[in-house]
Amino acid sequence: MYARVNGIEMAVKYVLGDADSAQRNAFYQVFGDDCDFDYLMCFYHVVAKLRERSRGLGSELSKIVFREVYDLHFSGTDTEYADTKTAMLEDWDAHVDLTAFSAYAQAQWLQGPFTKWQCFQTPAGFATTNNPVEQFNRALKRDYTHHRQLKMGLLLAQLLVCCNHRSMGLPRFLLSPTCPQTLRTRTTGLRRRDLLLENIVTRSSIDFLLGAADPDLVHIRAVPPTRPFIPELNRAQEDIEISAQFGVHYAHMEIEGQPRTGWPVDLRTAHCPCRYFLKMGYCCHLLFAQQLRSVVDEVGDDILVNRKRVAKAGRPPERWPRPTASVAPWTRARA
4 MYARVNGIEM AVKYVLGDAD SAQRNAFYQV FGDDCDFDYL MCFYHVVAKL RERSRGLGSE
64 LSKIVFREVY DLHFSGTDTE YADTKTAMLE DWDAHVDLTA FSAYAQAQWL QGPFTKWQCF
124 QTPAGFATTN NPVEQFNRAL KRDYTHHRQL KMGLLLAQLL VCCNHRSMGL PRFLLSPTCP
184 QTLRTRTTGL RRRDLLLENI VTRSSIDFLL GAADPDLVHI RAVPPTRPFI PELNRAQEDI
244 EISAQFGVHY AHMEIEGQPR TGWPVDLRTA HCPCRYFLKM GYCCHLLFAQ QLRSVVDEVG
304 DDILVNRKRV AKAGRPPERW PRPTASVAPW TRARA
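So the sequence shown is residues 4 to 338, counted in this note's numbering.
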C-alpha cells in the first residue's frame, strides 16, 4: 500500500515498542531483509517496570535508583552511557538491599535485545510522548474502536472509516521539533520568577577576549526553583504554577552540567547543549533566548516584521500647481 501511494518502497529506520519478543521478532522477519532499522525501547515502559520492582525499597534508595536511571537515559554519547552505567552499577553494589534489583535491571534492561532506550539512539525530539505516531494510536482507540476489542469484520470497517477521515485532514508533517504549549507555560513561569537570566559578556571579561561574544550566541543561566515538601501530597513539588511544573528528573536535566556562564544557546542553529534539549529538541533556555532577541514573542510565535514604508502624517504633496486667485478662468482661456 505504501509503495502504491508514494511510488517507492517503505524504508523503516526506527521501530519503537515494548519488551515483547514476539513483536520484535515479527518486525525483523518482515523488514529485517530490506531495512536496517533500530528497535527502540519505550522509556516509559522501562520506568514503569522498574517502579514495580522497586516497591519494596526505601524512599532514599528509590531516589538513588531513579536519579541514576534518568542520568543513564539522558546520556549524550555511547561513551558517556558506558561510563554512567559503570558508575551506576558500582553505586548499586555498595547497597546490599539493591542486590536483587540490580540483577533484574542488568538482565532485562542493560543486556539483551531491549537495551536501546537512551536519548542518543534517536534524533532530538523523536521518541517523545507527543510524537504524532503515538498520538495516532491513542486517537484510533478513542474515536474508532472506543477501547473495545472488535471482531475482524467490524475492525476493518472502522479502519476504512479512519482512512477516509484522515485522508481529508492532510496533516502537515514537520521536519524539525516545535515548542509545545507545556514548555511555553513553564518558560513563562520561570521568567516571571527571574529563574532564567542572561549572562551578558562584557568587553573587559575573559570570555570576550577569548571570542565568546558571538552576537548569535546567548548565554542563559537557569536557576532551579525551590521544591518545598507538600504534606497533602507526601512529596516535594516545584514552587511555581501547576501548569508550569516539571517532574524532578526532567527539571534536573535543565541545569545538569550547566557552565558557570550559563548555557551557550546558538540562535543561528536553534541549539542548546543542555540534556533536556538532547531529548526534546527544544528547551526553556532556547525559547527564552529567542524571546530576548525578538525572534519569537512571549507565547512562542514567530515575530513578523512589517518592512513597508510608512508615509508621513499630513497632507500629501501636490504634483500640479494650483491656479492663482488673481487670474480669472475666462482670462486664461482668452489668452
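Backbone N, C-alpha and C fix where the C-beta goes; we use that ideal spot for every residue, glycine too.
What you are looking at is a predicted structure, and each value in this text was computed from that prediction instead of being measured.
- The continuous beta strand (DSSP E) containing HIS222 extends over residues 220-225.
- By alpha-carbon distance to ASN202, the top candidate from HIS288, HIS149, ARG151 is HIS288.
- Between the C-alpha atoms of GLY115 and VAL33 there is a straight-line separation of about 21 Å.
- When secondary structure is reduced to three states using DSSP, ARG238 falls in the strand class.
- A straight line joining the alpha-carbon of GLN152 with that of THR191 spans about 43 Å.
- Across the set PRO227, LEU178, SER78, PHE40, the C-alpha of PRO227 shows the shortest separation from the C-alpha of LEU200.
- Relative to the Cα of ARG238, the nearest Cα in the group ARG195, GLU63, TYR279, ALA108 belongs to GLU63.
- Beta-bridge analysis with DSSP links MET44 to GLY20.
- A Cβ-Cβ distance of about 4 Å is found for the pair ARG189 and ALA247, placing them in contact under the 8 Å criterion.
- Using a C-beta cut-off of 8 Å, the region 43-54 makes contact with the region 21-33, since at least three inter-stretch Cβ pairs fall below that distance.
- Annotation: LYS154 to GLN161 spans about 11 Å, alpha carbon to alpha carbon.
- For VAL204, DSSP records no beta bridge to any residue.
- Under DSSP, LEU199 forms a beta bridge with ALA225.
- Along the length of the region 136-203, whole alpha helix (DSSP H) runs at least 4 residues long occupy 155-172, 184-195, reported in chain order.
- When secondary structure is reduced to three states using DSSP, VAL298 falls in the coil class, being assigned neither helix nor strand.
- In the three-state reduction of the DSSP assignment, TRP120 falls in the coil class, being assigned neither a helical nor a strand state.
- A residue is called buried once 16 or more other Cβ atoms fall within 10 Å of its Cβ, and MET283 is buried on that count.
- Cβ contact annotation for ASP94 (same chain, cutoff 8 Å, sequence separation greater than five): ILE67, GLU71, in chain order.
- Contact annotation, ASP197 with ARG271: C-beta distance approximately 27 Å; criterion of less than 8 Å not satisfied.
- Excluding the 5 residues flanking it on each side, PHE40 has same chain C-beta neighbours closer than 8 Å at VAL15, LYS16, TYR17, VAL18, PHE30, PHE34, in chain order.
- Considered as a whole, the region 58-106 harbours 62-76, 81-96 as its complete alpha helix (DSSP H) runs of no fewer than 4 residues, in chain order.
- The beta carbon of HIS150 sits closer than 6 Å to those of LYS144, all from its chain and outside the five residues before and after it, given in chain order.
- As computed with DSSP, ASP269 is found in a beta bridge with LEU220, HIS274.
- Beyond the five residues adjoining it in sequence on each side, ASP269 comes within less than 7 Å, by CB distance, of ASP219, LEU220 in the same chain, given in chain order.
- Exposure of SER170 is indicated by the presence of fewer than 16 other C-beta atoms within 10 angstroms of its C-beta.
- When the beta-carbon positions are compared, ILE243 and ALA292 stay at least 7 Å from each other.
- Collapsing the DSSP output to three states places GLN111 in a helix.
- Straight through space, the alpha carbons of TRP120 and THR181 are spaced by roughly 22 Å.
- In the three-state reduction of the DSSP assignment, CYS287 falls in the helix class, which pools H, G and I.
- Under the DSSP assignment, VAL15 falls outside any alpha helix (DSSP H); it carries neither an H nor an E label.
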